[in-house]
Amino acid sequence: LYIGQFMGSLLFFEGWRTLRWYHIRKISPLVILDVVSNIAYWTALLKAGSGITTVVYTTIVVFSALFQFLLFGKRLSYNQMLGVAGIIGFVSLASVDQVQSNSGDAGSMLLGVILAAAAAAGFGLDFVIANYLLEVYSPERSQNPSGSVVHVGSSDTSSSQYKRGAASSINGTEIGPSKYDADLEVKLLIEGADNSDNEDDGKNALEVITEAQLQVVMSLGIIPSVLYFLCYTIPYRQEEIIQPSNQVDYPNGGNWSYIWMIYVFFIMSNGTHQTGYFYTVGEGPIAAVTVSVNKGLQSAIVFLGSAFVYCKEQKSQCLTTLKIVGMIGVVLSVIWYAAGDMVVERYWSRGSRD
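Just so we're aligned, residue 1360 is where the sequence shown starts under our numbering, counting upward by one.
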């Protein structure tokens, strides 16, 4: 899972070049939360099956909205709430057939549901805190002539009165947005991070966390993954991987060329998926919920893709009326979440003019 994320971070070398111990210290709790949430999610998938796990996991939208309200007082509009409710409802509708076909025992099912809910809560909190870090510790962005993003920092970014776009004071020198460029950003970032006095009191330091730096630190989740691979996967590869794969009653069961192809595709998809997440979660005050909404859309796409790929081998993967209605509903709900306020505003403004 983290291999693709780590490889994706290598594409954005600026994140590695400007990385300092400050970033690792700030973001490392999110890495731990992310690893634990991933363990809970994949265990839930094994225990409860894809249908029930998908339904329970859509509550990530609710958890994201709840955490951003409880921690930071951010609210969704009524139209966004309606879109969230629609996503959860329609994903549940699309999952009915797979839930009904689940033949697991009650104990495993209950454990899977609990773990899926825990994963949804963990990822929801992860998204909200990541959004907070990118809002508070990312300075105001303005476009330089080359079109790249330029950041303007605040000397007291931890303050609740932090205002984006305000002039910064670095070692007594006031720096406004109009005087700031990309080269100066890197220079001040390095000087601020290397200043021992700034490490002690946090004053006059250019404390910046960019999307690239967030991606780099979060990709360090590869460390426990590699340890697990070395300590468990390799020693028990025969019992846990090779023998079960050879016994699978599918046309491609035991076909290791096919298995490696799927694994490589899994790595690539995770890399692109996580890169998209890091460059979305910082865009706006409720971006954490927006990322969670994308998870609902992802579920609908998974239902469609699995029908085309696995319908012949597994009947429960085939498209049904409920799945089609559910997928259409999810897409419409996502659109309403994104554009509902604008549609209603235009409707009322047009009505007032008439």
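We put the beta carbon where it would ideally sit given N, CA and C, even for glycine.
Give me, in chain order, the residues of the same chain whose beta-carbon lies closer than 7 Å to that of residue i; leave out the 5 immediate sequence neighbours on both sides.
i	result
E1373	A1571
V1702	none
G1481	L1392, V1395, S1396 and A1399
If you follow the alpha helix (DSSP H) that residue i is part of, which residue opens it and which one closes it?
i	result
E1598	Unbroken run through E1598: none, as it is neither H nor E.
E1672	Where E1672 is concerned, there is no enclosing alpha helix (DSSP H), given that its DSSP letter is neither H nor E.
S1584	I1581 to Y1587
P1644	P1644 -> no alpha helix (DSSP H), and no H or E assigned at all.
I1391	W1380 to A1407
I1446	Y1437 to A1453
T1634	W1615 to F1637
F1486	A1465 to V1495
R1376	F1372 to R1376
G1432	Here G1432 belongs to no alpha helix (DSSP H), and DSSP marks it neither H nor E.
Taking C-alpha atoms, which residue in the options lies nearest to residue i?
i	options	result
V1390	M1577, W1695 and A1476	M1577
F1449	S1692, W1707, E1704 and V1702	S1692
G1349	L1452, A1424 and A1407	Beyond the ends of the chain as shown, which are 1360 and 1713, falls residue 1349; an answer cannot be given.
V1414	F1365, D1456, L1430 and Y1636	D1456
F1365	P1583, V1640, D1464 and S1451	P1583
L1430	R1705, S1396 and G1483	G1483
S1454	L1573, M1701 and V1661	V1661
D1464	I1568, L1378, L1392 and L1405	L1405
I1568	V1703, T1412, L1370 and R1379	R1379
V1690	Q1673, L1663, S1616 and M1701	L1663
S1604	C1590, I1446, W1619 and Y1591	W1619
CB-CB under 6 Å to residue i, same chain, minus the five flanking residues each way: which ones, in chain order?
i	result
Q1439	Y1696
L1452	L1681 and G1685
D1556	Low per-residue confidence applies at D1556: pLDDT is 41, beneath 50, and the placement is therefore not dependable, though the value from the model is reported in the following sentence. Answer for D1556: no residue qualifies.
V1421	none
I1626	I1362 and G1363
A1477	A1399
T1412	A1403, L1404 and A1475
When you compare the CB of residue i with every CB in chain D, is at least one pair closer than 9 Å?
i	result
Y1400	Absence of chain D from the displayed structure is noted, only one protein chain being present.
For residue i, which residues of its own chain have a beta-carbon under 8 Å away from its beta-carbon, when the five flanking residues on both sides are left out?
i	result
G1699	S1436, N1438, Q1439, L1441 and G1442
Does the ligand HEM have a heavy atom nearer than 8 Å to the CB of residue i?
i	result
L1404	No copy of the ligand HEM appears in this structure; indeed no ligand is present at all.
Exercise for the section: Please determine if the stretch 1640-1660 and the stretch 1381-1388 are in contact, where contact requires at least 3 C-beta pairs separated by less than 8 Å. Expected result: For the pair of segments examined, the stretch 1640-1660 was found not to touch the stretch 1381-1388: the number of CB pairs separated by less than 8 Å stays below three.
Exercise for the section: Would you be able to state if there are at least three C-beta pairs under 8 Å between the stretch 1660-1668 and the stretch 1616-1631? Expected result: Contact fails: fewer than three Cβ-Cβ distances are below 8 Å.
Handout entry: At least 3 beta-carbon pairs within less than 8 Å: the stretch 1673-1690 vs the stretch 1465-1484
Key = Contact between the stretch 1673-1690 and the stretch 1465-1484 is not established, with fewer than three Cβ pairs separated by less than 8 Å.
Practice task
Determine contact between the stretch 1488-1497 and the stretch 1643-1652, defined as no fewer than three beta-carbon pairs at a distance below 8 Å.
Solution key: Because the criterion of three Cβ pairs below 8 Å is met, the stretch 1488-1497 and the stretch 1643-1652 touch.
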